[in-house]
């Protein structure tokens, strides 16, 4: 009996009990859909977190925040030009970003009547920043000592001082505007200030992460040196009136080194080598790649657990297939006897029933897969609307609660098909043991 004939025979027999077969297919489809949608939650959350880690190119970055001192009793704050040269001399290093942050929390920026108390100031090395992917949304890079690039959200920190509850934020053009920077310091308990005027020549690009708020003001090394000369401390730190003379002395002795360094590898494959080398040489280093590996391991366990739970639903649905096939064997006893009488082998009879159970499983899996993709799309579409309506908060476009890759589709269809075939094994074996004479007399 050819495969085509077997398939035709199976389809004709299934049409005889359509309602029962349809209900069995529906149960199989529901089991497959439950398995796929449940597992897709694990894939969706993993995809969201991985995308968040890798979207700004951080996966090729090694962050260096300091180096252990040879003398453990002596703290070695910051990073020097020697450290920059060390990493730049490494193989497969694309560039080395270095920054120095101002640590004067009482400093303010002013643009006319608008004041900013919430922006941060730092020194950056523009050539390495550009090579690492730093871009502007407007303007150009600084060319002079008192030209600055501000963060994308800097304008949102500028507001007029007012007694009203409504904030009067700055809404004009920033490029070309002069901003006054006021830096305070306490000398012998008395507060003194100095002012510097910067010209805004560029605005940074909007951060890829929707929740990031970039209000930095990037100043030159010369401007930072002028600030430190006034405050007499590294990073412009404040000598608070409550400090003792010993504390102030220690504060003044702190060297003005880089507070952050980002080492960018040529590609992701080189990151681990750079990270291991840096740690071996005493640097405090970290890479998002480490976090990425931990995330992948964690979600591998989560996905296996979800697939296991979902498989239980498919197994429950297989009870319906077993019942349908058992009833089919009982109802077709005479047909089985006739096939045996005209020379049909037990192997051929068994294959017919296994094909029928597999056919039910395949159709159910196909329907379940289509339903799963529709549910997944609906969940991802409705989630932002629900969150915004219930919690009055926005959900970023990058958040994905459900994601169905091809590997998950093939796995779920494979599990459904395998369970369907296994469910038909016993009824198929029973069909091969039917006695021909009893079958023809309908005594079974």
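In this note's numbering, the protein residues as written are 146 to 589. Backbone N, C-alpha and C fix where the C-beta goes; we use that ideal spot for every residue, glycine too. Being a predicted model, the structure only gives us computed values, none of them experimental.
Delimiting residues of the beta strand (DSSP E) encompassing residue i
{"i": "residue 256", "result": "253-256"}
{"i": "residue 331", "result": "323-332"}
{"i": "residue 211", "result": "206-212"}
{"i": "residue 408", "result": "405-410"}
{"i": "residue 259", "result": "259-261"}
{"i": "residue 347", "result": "335-349"}
{"i": "residue 490", "result": "It is not in any beta strand (DSSP E) - residue 490 carries neither H nor E in the DSSP assignment."}
{"i": "residue 244", "result": "238-246"}
{"i": "residue 383", "result": "That residue, residue 383, is in no beta strand (DSSP E); it is neither H nor E in DSSP."}
{"i": "residue 362", "result": "362-364"}
{"i": "residue 273", "result": "It is not in any beta strand (DSSP E) - residue 273 instead sits in the alpha helix (DSSP H) that spans 271-277."}
{"i": "residue 281", "result": "281-284"}
Same chain, Cβ closer than 7 Å to residue i, neighbours up to 5 away in sequence not counted
{"i": "residue 219", "result": "A caution first: residue 219 carries a pLDDT of 44, below 50, which makes its placement in the model unreliable, though a value can still be read off. Around residue 219: no qualifying Cβ."}
{"i": "residue 331", "result": "383, 384, 385 and 386"}
{"i": "residue 259", "result": "303, 304, 305 and 315"}
{"i": "residue 290", "result": "365, 367 and 368"}
{"i": "residue 377", "result": "397"}
{"i": "residue 312", "result": "304"}
{"i": "residue 458", "result": "176, 179 and 180"}
{"i": "residue 447", "result": "187"}
Expected contact under 8 Å - CB spacing of residue i and residue j to nearest Å
{"i": "residue 277", "j": "residue 225", "result": "About 20 Å; that fails the 8 Å criterion."}
{"i": "residue 466", "j": "residue 505", "result": "6 Å"}
{"i": "residue 503", "j": "residue 173", "result": "The Cβ separation is near 11 Å, so there is no contact."}
{"i": "residue 207", "j": "residue 416", "result": "6 Å"}
{"i": "residue 344", "j": "residue 323", "result": "5 Å"}
{"i": "residue 526", "j": "residue 408", "result": "Going by Cβ atoms, the distance from residue 526 to residue 408 rounds to 41 Å, so no, they are not a contact pair."}
Among the options, nearest to residue i - alpha-carbon criterion
{"i": "residue 571", "options": "485, 514, 501 and 471", "result": "471"}
{"i": "residue 161", "options": "421, 454, 477 and 499", "result": "477"}
{"i": "residue 177", "options": "534, 354 and 508", "result": "508"}
{"i": "residue 578", "options": "565, 551, 426 and 489", "result": "489"}
{"i": "residue 301", "options": "268, 169, 344 and 256", "result": "256"}
{"i": "residue 444", "options": "188, 175 and 496", "result": "188"}
{"i": "residue 294", "options": "349, 333 and 486", "result": "349"}
{"i": "residue 115", "options": "550, 373, 355 and 423", "result": "Past the edges of the chain, shown from 146 to 589, lies residue 115, and the structure says nothing about it."}
{"i": "residue 299", "options": "270, 334 and 352", "result": "352"}
{"i": "residue 390", "options": "510, 204 and 334", "result": "334"}
{"i": "residue 273", "options": "410, 296 and 429", "result": "410"}
{"i": "residue 426", "options": "198, 167, 159 and 213", "result": "213"}
{"i": "residue 271", "options": "524, 287 and 263", "result": "287"}
{"i": "residue 549", "options": "523, 433 and 462", "result": "523"}
{"i": "residue 237", "options": "263, 211, 205 and 254", "result": "205"}
{"i": "residue 511", "options": "360, 535 and 555", "result": "555"}
{"i": "residue 547", "options": "499, 562, 535 and 528", "result": "528"}
{"i": "residue 483", "options": "355, 521 and 586", "result": "586"}
{"i": "residue 264", "options": "347, 360, 485 and 191", "result": "360"}
{"i": "residue 356", "options": "379, 297 and 347", "result": "297"}
{"i": "residue 456", "options": "166, 553 and 210", "result": "553"}
{"i": "residue 168", "options": "437, 469 and 151", "result": "469"}
{"i": "residue 199", "options": "262, 327, 575 and 435", "result": "435"}
{"i": "residue 430", "options": "203, 159 and 211", "result": "211"}
{"i": "residue 464", "options": "495, 269 and 166", "result": "166"}
{"i": "residue 380", "options": "461, 358, 437 and 266", "result": "266"}
First and last residue of the uninterrupted alpha helix (DSSP H) at residue i
{"i": "residue 440", "result": "433-476"}
{"i": "residue 155", "result": "148-161"}
{"i": "residue 299", "result": "Run containing residue 299: none; DSSP gives neither H nor E here."}
{"i": "residue 227", "result": "226-233"}
{"i": "residue 546", "result": "Note, residue 546: premise wrong, no alpha helix (DSSP H); not H, not E."}
{"i": "residue 552", "result": "551-577"}
{"i": "residue 416", "result": "416-425"}
{"i": "residue 377", "result": "Taken as a continuous stretch (DSSP letters only), residue 377 belongs to no alpha helix (DSSP H), as it is neither H nor E."}
{"i": "residue 395", "result": "390-398"}
Spatial neighbours of residue i in its chain, beta-carbon cut-off 6 Å, leaving aside the 5 residues before and after
{"i": "residue 402", "result": "223, 224 and 225"}
{"i": "residue 491", "result": "577"}
{"i": "residue 325", "result": "255, 340 and 342"}
{"i": "residue 486", "result": "581"}
{"i": "residue 521", "result": "185, 547 and 549"}
{"i": "residue 393", "result": "384"}
{"i": "residue 563", "result": "none"}
Residues of its chain near residue i, where Cβ-Cβ distance is below 8 Å and the 5 sequence neighbours each way are ignored
{"i": "residue 229", "result": "241, 243, 403 and 406"}
{"i": "residue 329", "result": "249, 251, 252, 336, 337, 338 and 383"}
{"i": "residue 153", "result": "none"}
{"i": "residue 275", "result": "286"}
{"i": "residue 499", "result": "566, 569, 570 and 573"}
{"i": "residue 422", "result": "235"}
{"i": "residue 170", "result": "505, 508, 509 and 512"}
Closer than 8 Å to chain B by CB, residue i
{"i": "residue 262", "result": "The chain inventory of the structure shown lacks chain B, comprising one protein chain alone."}
### Message
Between the region 281-288 and the region 230-248, can you find at least three pairs of beta-carbon atoms closer than 8 Å?
### Response
no
### Task
Could you tell me whether the region 179-187 touches the region 445-464, using the rule of 3 or more Cβ pairs below 8 Å?
yes
### Message
Pairs of beta-carbons, one from the region 513-525 and one from the region 170-182, closer than 8 Å: are there three or more?
### Response
yes
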